[in-house]
Amino acid sequence: MHPVLFEIGSFPLGTYGLLLAIAFFAGTALAKRQAKLDGLNPAAITDMAIAVLIAAIVGSKLLMIVVGLFTPAGQEGAMTFREVFTMSTLRAGGAIHGGIIAATATFFWKLRKGQGLPLRLTGDALVPGVALGQAIGRLGCFSAGCCYGTETHVAWAATFTDPIAHAFSGTPLDVPLHPVQLYNSLANLTVMAILLLARGKRRFQGQIFSLYFLVEGLGRIVTETWRGDVDRGTGWLGWAWLSTGRLTGVAFMMLGLGLWLFWSRRKEATR
């Protein structure tokens, strides 16, 4: 693909960064539209979205670093403390579920500070935009070559040839790979569609927020089947199949189920 679109002098404009910016604006626009349906303040939603975005970027990097540091030396994906502060680490997209965890923590923290936003309705408004942002962001991953898939010879396989992708993300070059980034993008679009359709049948406040974690976690567990990048981490708890994505995917589903059961028993009138 094209990790770098073009250069302005010595400054490269990365495709991933551009698509990440587009993802933020598109996701925020959708969140504001959903917020209006429940009579929430659009300006407060924008403020929340900015804080969540910053947390997501930092959280993605942190989880990637933690996985790398805990990977035994000599194994693929292992990282030393010195490598934490390199440009390669700075340019890497990170682990998306680390971003979601940090963003969720920031979401609850911002609400506790008093934003004039009710917890459940705000969560319901935000998550379709989060899923849309993830879908667009995965196109950035595909363009940059990060979060790549395992080798395959299916008709729709993607073959990366740009040496920049290999230098920044370790992407195998001239090898047909599962375009797992596109699988994830489609999965996130499916999540968004499910959330938007479910909103019309919402039975309690917070239902869409809970549903996001259930379907996002399930989708990630499935798409991990075709992931091949070393940054995702594998072998947790001694099980080779248990990657970081699957571990957090299970945790997300448990969180979603817990919130669903708790909030469905403490119903508040939906608008």
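Residue numbers (this note's numbering): 512 to 782.
Here a beta-carbon is modelled for each residue, glycine too, at the ideal position from N, C-alpha and C.
LEU772 and LEU516 have their C-alpha atoms spaced approximately 47 Å apart. Residue pairing for PRO674: DSSP places it in no beta bridge. For the pair of segments examined, the segment 698 to 709 was found not to touch the segment 606 to 623: the number of CB pairs separated by less than 8 Å stays below three. The alpha-carbon separation between LEU650 and TYR527 amounts to approximately 8 Å. Per DSSP, PHE715 is not a residue of any alpha helix (DSSP H), being assigned neither H nor E. In this structure, the CA atom of ARG710 is about 13 Å from the CA atom of ARG631. Contact annotation, ALA616 with VAL578: C-beta distance approximately 18 Å; criterion of less than 8 Å not satisfied.
Per DSSP, the beta bridge partners of PRO687 are THR670. Here GLY660 is bridged, per DSSP, to ARG738. Secondary structure of TRP620 (DSSP, three-state): helix.
Here the C-alpha atom of PRO674 lies approximately 16 Å from the C-alpha atom of ASP740. Residue burial is scored here from C-beta neighbours: ALA646 has at least 16 other C-beta atoms within 10 angstroms and is therefore classed as buried.
With three or more CB-CB distances shorter than 8 Å, the segment 760 to 771 counts as touching the segment 720 to 733.
Per DSSP, the unbroken alpha helix (DSSP H) holding THR755 starts and ends at 755 to 775. No Cβ-Cβ contact shorter than 8 Å links TRP752 with TYR694. By the criterion of a C-beta distance shorter than 6 Å, ALA642 is surrounded in its chain by ASN699, VAL702, MET703, once the five residues flanking it on both sides are discounted. DSSP places ASP549 outside both helix and strand once states are collapsed to three, so it counts as coil. The residue from LEU529, GLY525, LEU768, LEU708 with its alpha-carbon nearest to that of ALA636 is LEU708. For THR633, same chain residues with a beta-carbon under 6 Å away, outside a window of 5 residues either side, do not exist. VAL691 sits buried, since 16 or more C-beta atoms from the chains shown fall within 10 Å of its C-beta. For LEU628, no alpha helix (DSSP H) encloses it, and the DSSP letter there is neither H nor E. Per DSSP, reduced to three states, the secondary structure at GLY711 is coil, with no helix or strand assignment.
Residue environment: PHE536 is assigned as exposed (fewer than 16 neighbouring CB atoms within 10 Å of its CB, all protein chains considered).
Looking at ILE519, GLY520, LYS621, GLY550, the one whose alpha-carbon comes closest to that of ILE561 is LYS621. Cβ atoms of ALA655 and PRO514 come within 8 Å of each other, at about 5 Å. Straight through space, the alpha carbons of PHE679 and ALA534 are spaced by roughly 22 Å.
Look at ALA751 here: in three-state DSSP terms it is coil, with no helix or strand label. Between the beta-carbon of PRO639 and that of GLN545 there is about 6 Å, and that keeps the pair under the 8 Å contact cut.
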